[in-house]
Amino acid sequence: MIAAPAYDLEKVRADFPILSEEVRGQRIAYLDNAASSQKPRAVLDAVDHVYETGYANIHRGVHVLSERATEHYERSRRRMAKFIGAQSADEVIFVRGTTEGLNLVASSLGRYALREGDEVLLTGMEHHSNIVPWQMVADLTGAKVLAAPVTDRGELDMDGFAALLSDRTRIVSVVHVSNALGTVNPVDEIARLAKERGAYLVLDGAQAAPHLKLDVQELGCDFYCLSGHKMYGPSGIGVLWGKKRLLEAIPPYQGGGEMIRTVSFERTTYAEPPAKFEAGTPNIAGPVGLAAAADYLDGLGIPEVAEHEARVREYAESRLSEIPGLRVVGTAREKAAVVSFVVDGVHPHDLGTVLDQEGVAVRTGHHCTQPLMERFGVPATARASFGLYNTEAEVDRLAAGLRTALEVFRP
Amino acid sequence: MNDALRDLYREVILDHSRRPRNYGAMDAANRQSDGFNPLCGDRLRLFLLVEDGAVRQASFVGDGCAISTASASLLTEAARGLPEEEALELVENFRGMVAGESEPDGESLGKLTVFAGVRDYPTRVKCATLAWHTLRAAIEQSGETVKTE
């Protein structure tokens, strides 16, 4: 039997230049990966390479640099199609990020599918970016937005979810992995229930992409959104995947250059997807960096990454449980690398400031999930979220910083 | 606690955050305003009793970090007895100090200079000013006074 190669954490860390930055004399312990992750050298180099060797506007130029840039861009689209298991690269739309992807789907699918009295079913653990765009299109169409309940552990209440599904449900839009709690939702079961009702299924994969091996066809959804910057790629680039026949059927999102076939003042016809949804000059180098991030993740192996992160998260949960008055918010059985917590008598914002002094970066606040915070009766939490480069020693620094905070704030 | 933290979390601030003064709704209040910091979820409600153009009493309820709680608590002490214009001046002086626009001026700000350290923490400036913006709103809403029968 051949043993699996051990996860080489030292080598991984050396790939990320920013991890050797010092803050107040200490190496930064970056535990805010659910907000945004750091970039490996390979991603930085890939972006530089575009600008240094093959940058121009894409698709239209007849000159060599435009051809090279177009090839960079379209090769990245094919790479991302493979990364998410899409049937065809034409199903991959480059967007600014998950927020833009969800806005696009809500606007275009919403206008296509929703009529007065129809319902959009969300869950109580959605990020604001998977709530507000639906409310906006509901206002336009007269549809209603509902939210399925969340249990005390921070899992989706599947009975409650099923009870809210009806023949009026036209669209179900659910977060794959919760950014605030780390909960991994049972998307297979969700897809099965949505299909039974003939509803379209949209998945917000912003937090899933860096932790789970994706196969959009197997997931059984109709649309899937992700952000490059949360999976070690550049910010300002993400992917919206949609089934080809739906991308053909729904109306465009933005109008402009590149998304048309012919334009006249009498009648304009649109290009085929993906161009139909990519009006204007896009982020040209971003997709190249994103494709490099996909290469990087696949090079390490997403299952290996996930296993490493689970080890760090479990270590964190055990170290934090030793801290008096600390309560973890979100204890789902299926969890990604997030530990959200509150500490009796110390506001999360103050915890964040003390930890920052110790060179430990965490997120504090409502994590753009105000309804979820309300559900748990807290105004905010502190959140440590782990990435493929985090170490148990960094968790020790988190725990030590929390003890310092207790000394300061507990009378 | 290191020196930088000690500069931010001065003893007076910690004391007021643990035992906020004038905490609670005020039945006699004739002005009321809500403050909300969407960045961190801090909320507070400020109650004022204004008579003859001056703040007679101030109290608050709310849920916030040490900085915002202590700031509200010290505000309720500092605003008491001030004519409305002077209270508004104090809001401006306080804001200027924590935003780093003016030096801490003990003469006009008194005990409130303990918040001077906030200027070194740009992400915490809004925590310190929340109660003060709320005070300004409560005073300036004079046309639509909240009635307490």
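Residue numbers (this note's numbering), protein chains in the order written: chain A, -14 to 396; chain B, 285 to 433. All C-beta atoms in this analysis are idealised placements derived from N, C-alpha and C, irrespective of residue type, glycine included.
Interface residues of chain A around residue i at Cβ under 7 Å?
i: B:R302; result: P396
Hey, would you say residue i sits closer than 9 Å to residue j, going by beta carbons?
i: A:G315; j: A:R138; result: yes
i: A:H196; j: A:N164; result: no
i: A:V327; j: A:T366; result: yes
i: A:V130; j: A:F208; result: no
i: B:R329; j: B:A309; result: yes
i: A:S220; j: A:G350; result: no
i: B:L359; j: B:W416; result: yes
i: A:E263; j: A:E243; result: yes
i: A:L4; j: A:G274; result: no
i: A:L391; j: A:P259; result: no
i: B:A371; j: B:I423; result: yes
i: A:S370; j: A:G213; result: no
i: A:N88; j: A:D189; result: no
i: A:L336; j: A:A384; result: no
i: B:G365; j: B:R340; result: yes
i: A:P364; j: B:R327; result: yes
i: A:Y15; j: A:N375; result: yes
i: B:S352; j: B:N306; result: no
i: A:L199; j: A:I78; result: no
i: A:I235; j: A:Y40; result: no
i: A:L340; j: A:G109; result: no
i: A:V122; j: A:G102; result: no
i: A:V105; j: A:V157; result: yes
i: B:Q316; j: B:L332; result: yes
i: A:A128; j: A:R155; result: yes
i: A:E6; j: A:P171; result: no
i: A:E302; j: A:V313; result: yes
So residue i contacts chain B; which residues on that side make the cut at Cβ distance below 8 Å?
i: A:V351; result: In the sequence as displayed, the identity of residue 351 of chain A is His instead of Val. Going along chain B in sequence order, the residues near A:H351 (Cβ under 8 Å) are C324, G325.
Select from the options the residue whose C-alpha is nearest the C-alpha of residue i.
i: A:D75; options: A:R230, A:A378, A:V28, A:E37; result: A:R230
i: A:R12; options: A:P356, A:D103, A:F371, A:A346; result: A:A346
i: A:R446; options: A:S158, A:L387, A:A133; result: The shown model of chain A, from -14 to 396, leaves out residue 446 of chain A, and the question about it has no answer.
i: A:G372; options: A:E343, A:R296, A:R318; result: A:R296
i: B:Y405; options: B:M381, B:A422, B:R420; result: B:M381
i: A:G284; options: A:I3, A:P25, A:Y40; result: A:P25
i: B:C411; options: A:V393, A:L186, A:T338; result: A:T338
i: A:L186; options: A:A194, A:A193, A:Q192, A:E174; result: A:E174
i: A:L150; options: A:V172, A:L107, A:S73; result: A:L107
i: A:D280; options: A:V122, A:V201, A:Y217, A:Q23; result: A:Y217
i: B:I297; options: B:S357, B:E387, B:P388; result: B:S357
i: A:S22; options: A:V80, A:K215, A:E52; result: A:K215
i: A:T254; options: A:T266, A:G240, A:V290; result: A:G240
i: A:G205; options: A:S249, A:E85, A:V290, A:G70; result: A:G70
i: A:H44; options: A:E294, A:A277, A:T266, A:V323; result: A:T266
i: A:Q192; options: A:G10, A:R246, A:A322, A:V47; result: A:A322
i: B:G394; options: B:D287, B:L374, B:E369, B:G325; result: B:L374
i: B:G401; options: B:R290, B:E385, B:N286; result: B:R290
i: A:E181; options: A:V172, A:E203, A:D152, A:V162; result: A:D152
i: A:S93; options: A:T126, A:S61, A:R62; result: A:T126
Could you tell me which chain B residues have their CB closer than 7 Å to the CB of residue i, listed as they occur along the chain?
i: A:M358; result: G325
i: A:T389; result: M285
Applying a beta-carbon distance threshold of less than 8 Å, which residues of chain A neighbour residue i?
i: B:L292; result: T338
Would you say residue i touches the ligand MN, meaning its beta carbon is less than 8 Å from a heavy atom?
i: A:S306; result: For the ligand MN, the structure offers nothing, since it holds no ligand at all.
Run down chain A in chain order and give the residues with a C-beta less than 9 Å from the C-beta of residue i.
i: B:L289; result: T338, V339, Q342, T389, V393
With 7 Å as the limit, tell me which residues of the segment 21 to 37 of chain A have their beta carbon closer than that to any beta carbon of chain B; keep them in chain order.
-> none
Residues from the segment 316 to 350 of chain B in contact with chain A, defined by Cβ distance under 8 Å | L323, C324, G325, D326, R327, D347, G348, C349, A350
Quick one: complete alpha helix (DSSP H) runs, 4+ long, within the segment 288 to 328 of chain B?
-> 295 to 302
Taking only beta carbons into account, state which residues of the segment 333 to 344 of chain A come closer than 7 Å to chain B, listed in chain order.
-> H334, D335, T338, V339, Q342
Chain A contacts from the segment 379 to 408 of chain B (Cβ-Cβ distance under 7 Å) = Flagged, chain order: Y405, R408.
Please name the residues in the segment 361 to 394 of chain A whose beta-carbon is closer than 8 Å to at least one beta-carbon of chain B, in chain order.
-> Answer set for the segment 361 to 394 of chain A: P364, A365, T389, E392, V393, F394.
Which residue spans inside the segment 108 to 169 of chain A form an unbroken alpha helix (DSSP H) run of at least 4?
-> 117 to 126, 143 to 149
Taking the runs of the alpha helix (DSSP H) that are 4 residues or longer, which of them lie wholly in the segment 187 to 254 of chain A?
-> 201 to 204, 229 to 234
Which parts of the segment -14 to 47 of chain A are runs of the alpha helix (DSSP H), unbroken and 4 residues or longer, counting only runs that do not cross its ends?
-> -6 to -1, 26 to 38
Tell me the start and end of each unbroken beta strand (DSSP E) in the segment 57 to 100 of chain A that is at least 3 residues and wholly inside, in chain order.
-> 77 to 80
Every unbroken beta strand (DSSP E) within the segment 326 to 381 of chain A, with a cutoff of 3 residues, ordered by chain | Runs of the beta strand (DSSP E) inside the segment 326 to 381 of chain A: 348 to 350, 366 to 370.
Quick one: which unbroken alpha helix (DSSP H) runs of 4-plus residues sit fully inside the segment 252 to 324 of chain A? Chain order, please.
-> Complete alpha helix (DSSP H) runs here, min 4: 271 to 285, 287 to 306.
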